[in-house]
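So the protein lines, in turn, are chains A and B. Sequential numbering of the first sequence, starting at 1, is according to the numbering used here. Sequential numbering of the second sequence, starting at 1001, is according to the numbering used here.
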Amino acid sequence: QKEVEQDPGPLSVPEGAIVSLNCTYSNSAFQYFMWYRQYSRKGPELLMYTYSSGNKEDGRFTAQVDKSSKYISLFIRDSQPSDSATYLCAMSGDSSASKIIFGSGTRLSIRP
Amino acid sequence: DAGITQSPRHKVTETGTPVTLRCHQTENHRYMYWYRQDPGHGLRLIHYSYGVKDTDKGEVSDGYSVSRSKTEDFLLTLESATSSQTSVYFCAISESNRVGLETQYFGPGTRLLVL
């Protein structure tokens, strides 16, 4: 079993919809949780990070962590065609980047 | 793009040949990383460096070596390429944010095909 599980999709939704992207994990030591966005043929870029449990909001994006269920989510409100990309979750037990474990990514397509 | 460039951007090579990929950064970051990205596996760490001549292995280091003789350059070498090393390779740097987390910034990637 992988430490981090992520549904690969693809997920296709109409423009303006609320999108929910999720990851589950097995290692209870994870404390740092990140979401990256990766456009086709580009490198991943960090969208958001959270420490421990709770919610964090940044514009149309909300990251949510439920450590009791070992489940993290990224919500995108008012989705736009420019949000079409692959979204990777990532997590780590400490602040060191060499310990980050990435999910395999969910491919998202927003239909105009 | 955090001043990261990778070269070459695309390469086709034959099994058994040596291949070297280069990562160059312009912002004097101490930490540099090499990842590979494959369908169904996400990003997996190959090697990383925490300073000139200081490197360590990651999750999938077999068949790869690295060198860092200057702060700005981190080289990844496949001594004898195999078809299983066909992948997209990403270089990254990291810097600490205000909560102490080392957040990573990735280069544009190198697509390697081993025939």
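Each residue gets a CB set at the ideal place from its N, CA and C atoms; glycine is no exception.
If you reduce the DSSP assignment to three classes, tell me which class residue i lands in.
i	result
D1038(B)	strand
K1053(B)	coil
A97(A)	helix
S84(A)	coil
S1083(B)	helix
I72(A)	strand
A29(A)	coil
I18(A)	coil
E142(A)	Residue numbering for chain A in the displayed model covers 1 to 112; residue 142(A) lies beyond these limits and cannot be assessed.
S104(A)	coil
D1062(B)	coil
D153(A)	Residue 153(A) is absent from the model: chain A starts at 1 and stops at 112.
L1115(B)	coil
E1014(B)	coil
R1009(B)	coil
R1044(B)	strand
R41(A)	coil
Can you give the beta carbon distance from residue i to residue j, rounded, assuming they're within the 8 angstroms contact cut?
i	j	result
Y1048(B)	C1091(B)	In fact, because the Cβ distance is near 10 angstroms, the residues do not count as touching under 8 angstroms.
G105(A)	Q38(A)	7 angstroms
T1077(B)	R1068(B)	12 angstroms between Cβ atoms; not a contact.
V74(A)	A63(A)	Strictly speaking, residue 74(A) in this sequence is Leu, with Val absent from that position. About 6 angstroms; that satisfies the 8 angstroms criterion.
Y25(A)	E3(A)	6 angstroms
T1110(B)	P1008(B)	6 angstroms
I want to verify the contact list: residues of chain A whose CB lies under 7 angstroms from the CB of residue i, in sequence order.
i	result
P1108(B)	K42 and G43
V1052(B)	Per Cβ cutoff of 7 angstroms: no residues; V1052(B) is ~17 angstroms from chain A at best.
V1099(B)	Y51
In chain A, which residues lie less than 9 angstroms from residue i when you measure between Cβ atoms?
i	result
Y1048(B)	A97 and S98
Over the uninterrupted beta strand (DSSP E) stretch that includes residue i, give me the two end residues.
i	result
Y117(A)	Look at the range of chain A in this structure, 1 to 112, and you will see that residue 117(A) is not part of it.
T1071(B)	Note, T1071(B): premise wrong, no beta strand (DSSP E); not H, not E.
Q1(A)	Counting along the chain, Q1(A) falls outside any beta strand (DSSP E), and DSSP gives it neither H nor E.
E45(A)	E45 to Y51
E1027(B)	Here E1027(B) belongs to no beta strand (DSSP E), and DSSP marks it neither H nor E.
L1101(B)	L1101(B) -> no beta strand (DSSP E), and no H or E assigned at all.
Examine the ligand ATP and report whether any of its heavy atoms sits within less than 7 angstroms of the Cβ of residue i.
i	result
Q1025(B)	Absence of the ligand ATP from the depicted structure is noted, as is the absence of any ligand whatsoever, leaving it without description.
Give the residues of chain B in contact with residue i, contact being defined as C-beta atoms less than 7 angstroms apart.
i	result
S104(A)	G1040, H1041 and G1042
What residues of chain A sit near residue i, judged by a beta carbon separation below 8 angstroms?
i	result
T1005(B)	Correct list: empty, because the minimum Cβ distance to chain A is about 11 angstroms.
S1094(B)	A97
Could you run through the stretch 41–71 of chain A and flag, in chain order, every residue whose CB is less than 9 angstroms away from some CB of chain B?
So the close ones are R41, K42, G43, P44, E45, L46, Y49 and Y51.
Given a limit of 9 angstroms on CB to CB distance, which residues of the stretch 1054–1082 of chain B reach chain A?
Residues are counted here when their Cβ sits less than 9 angstroms from a Cβ of chain A; for the stretch 1054–1082 of chain B these are D1056, G1058 and E1059, given in chain order.
Contacting positions in the stretch 70–91 of chain A - beta carbon closer than 7 angstroms to chain B:
If the cut-off is 7 angstroms between Cβ atoms, the stretch 70–91 of chain A has L88 near chain B.
Taking any Cβ of chain B, which residues in the stretch 8–32 of chain A have a Cβ under 8 angstroms from it, in chain order?
Taking 8 angstroms as the Cβ-Cβ cut-off against chain B, the residues of the stretch 8–32 of chain A that qualify are P8 and Y32.
Could you please tell me which residues of the stretch 1014–1025 of chain B, in chain order, have their CB closer than 8 angstroms to any CB of chain A?
Along the stretch 1014–1025 of chain B, none of the residues has a CB nearer than 8 angstroms to a CB of chain A.
Residues of the stretch 1025–1037 of chain B in Cβ contact with chain A at a cutoff of 9 angstroms, in chain order, please.
Near chain A, meaning a CB-to-CB distance below 9 angstroms, the residues of the stretch 1025–1037 of chain B are Y1031, Y1033, Y1035 and Q1037.
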